[in-house]
Amino acid sequence: MPSNAGTTRLVIVESPAKAKTISGYLGPGYVVEASFGHVRDLPRNAADVPARYKGEPWARLGVDVDNGFHALYVVSADRKQQISKLTKLAKEVDEILLATDEDREGEAIAWHLVETLKPKVPVRRMVFHEITKPAIQAAVANPREIDRDLVDAQEARRILDRLYGYEVSPVLWKKVMPKLSAGRVQSVATRIVVERERQRMAFRTAEYWDILATLAVAKPGEGPRTFNATLVALGGDRIATGKDFEPTTGKVRAGAGVVHLDSSGARGLAARLEGRPFTVTRVEEKPYRRRPYAPFITSTLQQEAARKLRFSSQQTMRTAQRLYENGYITYMRTDSVNLSETAIAAARRQIVELYGERSVPPEPRRYTGKVKNAQEAHEAIRPAGDNFRTPGDVAKELSGEEYKLYELIWRRTIASQMTDAVGSSVSVRIRATTSAGEEADFGATGKTITDPGFLRAYVESSDDENAEAEDAERRLPNLVKDQPLTADELAAQGHHTQPPARYTEASLVKALEELGIGRPSTYASIMQTIQDRGYVVKRGQAMIPSFLAFAVIGLMERHYPRLIDYDFTASMENELDEIAGGDHAAVDFLTAFYFGTTNGVGDQDIARSGGLKKLVTENLSDIDARSVNSIPLFTDDEGREVVVRVGRFGPYLQRALPGEQPAPKAEGEEGAAPGDRAPIPEGLAPDELTPEKVHELFLGGGGERKLGDDPATGEPILLKSGRFGPYVASGERKSSLLRSQSPDSLTLDEALKLLSLPRLIGLAPDGAEVFANNGRYGPYVKRGDEFRSLDSEDKMFTVTLDEALALLAAPKTRQRRAAAPPLREMGADPLTEKPLVIKDGRFGPYVTDGETNASLRRGQTPEALTLEEASEMLAEKRAKGPAPKKAAKKTTAKKAPAKAAKATKATKATKATPAKATKATPAKATKATPAKAASAKATKATPAKKAAPARTE
Numbered sequence: 020m021p022s023n024a025g026t027t028r029l030v031i032v033e034s035p036a037k038a039k040t041i042s043g044y045l046g047p048g049y050v051v052e053a054s055f056g057h058v059r060d061l062p063r064n065a066a067d068v069p070a071r072y073k074g075e076p077w078a079r080l081g082v083d084v085d086n087g088f089h090a091l092y093v094v095s096a097d098r099k100q101q102i103s104k105l106t107k108l109a110k111e112v113d114e115i116l117l118a119t120d121e122d123r124e125g126e127a128i129a130w131h132l133v134e135t136l137k138p139k140v141p142v143r144r145m146v147f148h149e150i151t152k153p154a155i156q157a158a159v160a161n162p163r164e165i166d167r168d169l170v171d172a173q174e175a176r177r178i179l180d181r182l183y184g185y186e187v188s189p190v191l192w193k194k195v196m197p198k199l200s201a202g203r204v205q206s207v208a209t210r211i212v213v214e215r216e217r218q219r220m221a222f223r224t225a226e227y228w229d230i231l232a233t234l235a236v237a238k239p240g241e242g243p244r245t246f247n248a249t250l251v252a253l254g255g256d257r258i259a260t261g262k263d264f265e266p267t268t269g270k271v272r273a274g275a276g277v278v279h280l281d282s283s284g285a286r287g288l289a290a291r292l293e294g295r296p297f298t299v300t301r302v303e304e305k306p307y308r309r310r311p312y313a314p315f316i317t318s319t320l321q322q323e324a325a326r327k328l329r330f331s332s333q334q335t336m337r338t339a340q341r342l343y344e345n346g347y348i349t350y351m352r353t354d355s356v357n358l359s360e361t362a363i364a365a366a367r368r369q370i371v372e373l374y375g376e377r378s379v380p381p382e383p384r385r386y387t388g389k390v391k392n393a394q395e396a397h398e399a400i401r402p403a404g405d406n407f408r409t410p411g412d413v414a415k416e417l418s419g420e421e422y423k424l425y426e427l428i429w430r431r432t433i434a435s436q437m438t439d440a441v442g443s444s445v446s447v448r449i450r451a452t453t454s455a456g457e458e459a460d461f462g463a464t465g466k467t468i469t470d471p472g473f474l475r476a477y478v479e480s481s482d483d484e485n486a487e488a489e490d491a492e493r494r495l496p497n498l499v500k501d502q503p504l505t506a507d508e509l510a511a512q513g514h515h516t517q518p519p520a521r522y523t524e525a526s527l528v529k530a531l532e533e534l535g536i537g538r539p540s541t542y543a544s545i546m547q548t549i550q551d552r553g554y555v556v557k558r559g560q561a562m563i564p565s566f567l568a569f570a571v572i573g574l575m576e577r578h579y580p581r582l583i584d585y586d587f588t589a590s591m592e593n594e595l596d597e598i599a600g601g602d603h604a605a606v607d608f609l610t611a612f613y614f615g616t617t618n619g620v621g622d623q624d625i626a627r628s629g630g631l632k633k634l635v636t637e638n639l640s641d642i643d644a645r646s647v648n649s650i651p652l653f654t655d656d657e658g659r660e661v662v663v664r665v666g667r668f669g670p671y672l673q674r675a676l677p678g679e680q681p682a683p684k685a686e687g688e689e690g691a692a693p694g695d696r697a698p699i700p701e702g703l704a705p706d707e708l709t710p711e712k713v714h715e716l717f718l719g720g721g722g723e724r725k726l727g728d729d730p731a732t733g734e735p736i737l738l739k740s741g742r743f744g745p746y747v748a749s750g751e752r753k754s755s756l757l758r759s760q761s762p763d764s765l766t767l768d769e770a771l772k773l774l775s776l777p778r779l780i781g782l783a784p785d786g787a788e789v790f791a792n793n794g795r796y797g798p799y800v801k802r803g804d805e806f807r808s809l810d811s812e813d814k815m816f817t818v819t820l821d822e823a824l825a826l827l828a829a830p831k832t833r834q835r836r837a838a839a840p841p842l843r844e845m846g847a848d849p850l851t852e853k854p855l856v857i858k859d860g861r862f863g864p865y866v867t868d869g870e871t872n873a874s875l876r877r878g879q880t881p882e883a884l885t886l887e888e889a890s891e892m893l894a895e896k897r898a899k900g901p902a903p904k905k906a907a908k909k910t911t912a913k914k915a916p917a918k919a920a921k922a923t924k925a926t927k928a929t930k931a932t933p934a935k936a937t938k939a940t941p942a943k944a945t946k947a948t949p950a951k952a953a954s955a956k957a958t959k960a961t962p963a964k965k966a967a968p969a970r971t972e
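Structure representation (structure tokens):
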């Protein structure tokens, strides 16, 4: 698209990838450059504050709260060189077009660019929701001014989060642990996860039984001959199911009016029904109709990518960002389910081509979102362009991750414009009378889909992995009232109630959205932040809170409940939306929140209490650190109260009788009463601290336990728990337990054998002592400086002198030993289809596909790591690319310093302006070699991920 004759325009976008795509749609006269995300922000720390502001009382906040909440912005150190480049270009052009994303963050980036570059030429805003040639040309032809209301809303959010974090976090440092953080949204998200874990900890399981009958028709017609029916009532009273039990007691809810069958009751009832006639008492048939799902918005895309592809929120948004910047999909941060007229037309055309005219409804479907104040972009996430490309059309151009996500988006978009799925559902009741005269009612349901409609293209997944898919059918025979049936089998079935499921990233995003907390641009960063802060760890897809999270949320709930109230956090979002719409002044909003006010602006509970500043300073002395760092569990059989304490060195168990004061010192210090403390093993979830597990921990690892006295010395032999696991000690002697030994079953004789190590086997012919011992790498024999491994731990106590000398005489194998077998074989990677295994390395266990390695993270174990987690870890490692190699040192005598200086300059330039590297190599690699491997390499080489950081809240 040629610029006006003689006019040169500078187009600024966020990332090199986006710049590369857009530059292909603009002809001569346009220069497209990247800003690499935000160019300036509030100071990150004291070192970032300019010298002239360091003495100001508000400098630590980076916000002058006494003068209209004026923000102090500083240019990021890694953006200064790019800013210099953009400033130079701005002086050489006739007009600047700011083509950053069309949401609040993008609007703010555009405003910051103007404030930083201070251009002397006209500046206009260029917006689009997809990167296609028509969309880019239309955006150039219809520029607008920067929307200051959107900028004010983004700035208000940034300042609000800074004030919240910088005022509340120091409370956590003083009362819980240094270096912790609180956040307006992250703390609420953590609270949601903690509350679910509390429910699981309080949960008490219940057992209930019913009967599954396999019934048969005498003369089968259409449909199957047999079907299953479940006992639903006995004597007119409903049979108890899981929903009838109180989750905290495991007892039937009061007034439930149900029959609670146990094992013997169900088996006895089944026996009394043997050989009895069954009769159909009721048949109800209803039409089945299911409307298509709305197209994706940010939250639903993250949820479905997690369910179907096992992607994390970060992985989904990172992949979607690449698809958007390369012109495959529309903008991916949106809470609008609307589709443009051209998109609807494209979808309907493609449905006719692929599924036939009968799959297209007479009128286009239009959707309305459930999200209040839906904003950000103005269209749902869909394939880009006026004609959608099928997944097959783009398969050779995309990496594995990109292809899977594109296919998901394409299918959902197409399905949203297809016909309803229709069929019929039937409900049947059957009755039989036992030999004792009891009336037993059984129920069965069936579903038949006559026209799958949109289900041909897309079936939504559920957070409940046991839930039935929507396109599944359950066929029953054609049954009529009073029809006789016979029972081929009557099986008594036992069930147990289950605790509420832990949140996954998908279900947590859904919960936040339903509460009105967070916005499309923040969900992924929220998920990552609560994990990075150590508040939540992932086990498979499940999100498990740490005891540190319990302490932090406990403090907030007791002393600052309004700050983590769901309604309060949602109301903040609504007020920010009002600022974005021009209906509210940012200064009034921030004043009410920070200083308090009675003018009806902002949250009234916070305002009436004098605002955030007064709230966190005046109540500090009321917070009892020991209390907030204590999480009660239960009272044991001896009447001792068992609690979890959050200490400097991690969480530990403590027990004491009511009123008894345990030793107040921190874990690991002298003065603890023997046996009253026990460390909590890493990776143990809070709800797994059952009375049985706690007893086991105190028995095997808490404090110390006397096993007996050493017959030779008379000294006590103690079982202790140390940093590296359990060990036995007597006097100055210590020895770790063997891998095959357990603390709770260790005997005195076994302890004596351990304390005999290192064991003197005898003397070699030259008089040197020969020992057997256990070491870091396993059991071994030793003579002087010569070592040889033993093939089992038992041989440390049985190996003879002759056997040891023979081992030591054998040549030492200095070559690499035969590769140790993997700790675990996991199966094929869902993305690359390469076999994944977990191995034991020098720095601990790691997962590998033979080319890429990723160390297991804190809290992960080889046994619990899932295939999806492993695949995600390797994908992230591949995306980061290889670690930079250190430059070789120059050895030339005199000219070496000069060359080194040049090399340093070149290195800095490479880091500061990665755009050139992006343009130079990956683009050609992608086009010239469309294979997935080439695409993956291009992804590694692209520095956009580092340059355009994820948005945080």
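So the number in the numbering used here is just where the residue sits in the sequence shown, counting from 1, plus 19.
Cβ coordinates follow ideal geometry from the N, Cα and C atoms, glycine included.
Keep in mind it's a predicted model, so treat the numbers as computed, not measured.
query, result
"Determine which residues share a DSSP beta bridge with Asn793 and list them.", "Pro798"
"With distances taken from CA atoms, which of Ala883, Asp848 and Pro881 is nearest Thr871?", "Asp848"
"DSSP three-state label for His514, please.", "strand"
"Can you tell me where the beta strand (DSSP E) holding Asp470 begins and where it ends?", "Glu458 to Asp470"
"According to DSSP, is Val140 part of a helix, a strand, or is it coil?", "coil"
"Using the three-state DSSP reduction, which class does Lys198 fall into: helix, strand or coil?", "coil"
"Is the number of C-beta pairs between the stretch 550 to 568 and the stretch 204 to 215 that are closer than 8 Å three or more?", "yes"
"When DSSP labels each residue in this structure, what does Tyr746 get in the three-state scheme?", "strand"
"Kindly indicate the opening and closing residues of the alpha helix (DSSP H) around Pro410.", "Pro410 to Val413"
"Tell whether a beta-carbon distance below 8 Å holds between Leu609 and Ile165.", "no"
"I'd like the list of long-range same chain contacts for Leu842, defined as Cβ closer than 7 Å, with 5 residues on each side in sequence excluded.", "Ile857, Lys858, Asp859, Pro864 and Pro881"
"Pull up the DSSP beta-bridge partners for Val555, would you.", "Pro564"
"Using the beta-carbon count (16 or more within 10 Å), is Ala691 buried or exposed?", "Confidence is the limiting factor: at Ala691 the pLDDT is only 42, short of 50, which leaves the residue's position unreliable, though a coordinate-based value still follows. It is buried - the Cβ of Ala691 has at least 16 other Cβ atoms within 10 Å."
"Whole angstroms are fine: how far does the CA of Val447 sit from the CA of Thr245?", "14 Å"
"Name the two residues that bound the continuous alpha helix (DSSP H) containing Leu288.", "Ser282 to Leu292"
"Identify every residue that forms a DSSP beta bridge with Thr867.", "Val856 and Asn872"
"For Gly46, is the classification buried or exposed, using 16 other Cβ atoms within 10 angstroms of its Cβ as the cut-off for buried?", "exposed"
"Would you report the Cα separation of Tyr343 and Leu809, rounded to the nearest angstrom?", "58 Å"
"Less than 8 Å separating the beta-carbons of Ala154 and Arg341?", "no"
"In the structure shown, what three-state DSSP assignment does Gly601 receive?", "coil"
"According to the neighbour-count rule (16 or more other Cβ atoms, all chains shown, within 10 Å of its Cβ), is Asp412 buried or exposed?", "exposed"
"With Thr319 as the anchor, note down where its alpha helix (DSSP H) starts and where it stops.", "Thr317 to Glu323"
"Could you tell me the distance, in whole angstroms, from the CA atom of Ala966 to the CA atom of Leu424?", "Legend: pLDDT at Ala966 = 36, less than 50; position of this residue unreliable, no value from coordinates given."
"With DSSP collapsed to three states, give me the class of Lys238.", "coil"
"Could you say which of Arg309, Gly346, Asp729 and Asp813 lies nearest to Leu757 if we only look at CA atoms?", "Asp813"
"Express the C-alpha separation of Arg897 and Thr961 in angstroms, rounding to a whole number.", "Residue confidence for Thr961 is low, a pLDDT of 36 falling below 50, so the modelled location carries little weight; the figure read from the coordinates is stated next. C-alpha separation (whole angstroms): 12 Å."
"According to DSSP, what are the bridge partners of Leu509?", "Ala232"
"Glu715 to Pro670, Cα distance in whole Å?", "16 Å"
"Please list the terminal residues of the continuous alpha helix (DSSP H) segment that includes Met220.", "Gln205 to Ala221"
"Contact check, Ser540 vs Arg352 under 8 Å by CB: the rounded distance?", "5 Å"
"May I have the straight-line CA-CA distance separating Pro580 from Gly630, to the nearest angstrom?", "14 Å"
"Got a sec? Which residues, its chain only, sit under 8 Å from Val32 by beta carbon, not counting five neighbours each side?", "Ala38, Ile41, Val51, Glu52, Ala53, Ser54, Ala118 and Thr119"
"Tell me whether Lys753 sits in a helix, a strand or coil according to DSSP, three-state version.", "strand"
"Contact check, Tyr307 vs Ser443 under 8 Å by CB: the rounded distance?", "6 Å"
"Report the three-state DSSP secondary structure of Tyr425 (helix, strand or coil).", "helix"
"Between the C-alpha atoms of Lys633 and Phe614, what's the straight-line distance to the nearest angstrom?", "7 Å"
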